[in-house]
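When you line the sequence shown up against my numbering, it's residues 41 to 179, in that order.
For each residue, glycine too, the CB sits at the ideal point set by N, CA and C.
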Amino acid sequence: MEQRDLPPTVLSCEVDARCDCEAPGYYCCGVPGVLAVIENGKVAPGAVVERCDACERFASDEAARQKLVSLGMMEDDPRQPTFTVYAYAIVQTKHEGVAAASARDAAKAVSDRFSWDRLQGRAVFAEEFDRFIVETEGD
């Protein structure tokens with residue numbers, strides 16, 4: 041009998057690549073990328089539907105809600121209120137080699153030319169959220 045190498049299987053020593061939204065739990069509704077409380081196969085009355093911010097399978101909470109509507113897991117009405125949330129956090133950015141006459145001038149120079157686009161993800165979350173401002177959208 042001829043012996044040959046077999047390809048590795050998906051089950052061999054690989055870490056489970058599922059997102060936490062797919063793991064069993066109170067907010068697992070059975071639809072990957074959507075967090076909602078389910079009762080008897082439907083979204084619980086008054087429950088909030090959110091997209092999973094970890095895997096971002098849906099562009100918004102509204103898109104996640106529409107997916108549940110299309111699957112018959114909730115009625116299209118009433119529509120959940122939506123909000124715009126501004127989360128203020130303290131971040132740390134490091135700027136080395138700033139030439140200036142004083143520490144104050146160096147800080148001002150960095151402040152004047154600061155740009156999130158130029159940082160390209162190099163900002164480090166330094167503290168807890170400072171505050172939130174929430175505005176009601178729509179009606």
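Per DSSP, A143 is one residue of the alpha helix (DSSP H) stretching across 143-152. In the DSSP assignment, E96 is bridged to no other residue. For V109, no beta strand (DSSP E) segment is defined; the enclosing uninterrupted segment is the alpha helix (DSSP H) at 101-110.
In this chain, the alpha helix (DSSP H) harbouring D157 covers 156-159. D170 sits in a strand when the DSSP states are folded into three classes. Ranked by Cα distance from K82, the first of M114, D60, L159 is M114.
Nearest C-alpha to F169 among D116, V125, C69, E175: V125.
Per DSSP, the beta bridge partners of R91 are V74. With a cutoff of 7 Å on beta-carbon distance, E90 and L75 are scored as near each other. For the options R144, R105, S151, G65, the alpha carbon positioned closest to that of G86 is the one of R105.
Note that the C-beta distance between T133 and A163 is below 7 Å. Residue R58 holds the alpha-carbon nearest to the alpha-carbon of E96 among G112, E79, V131, R58.
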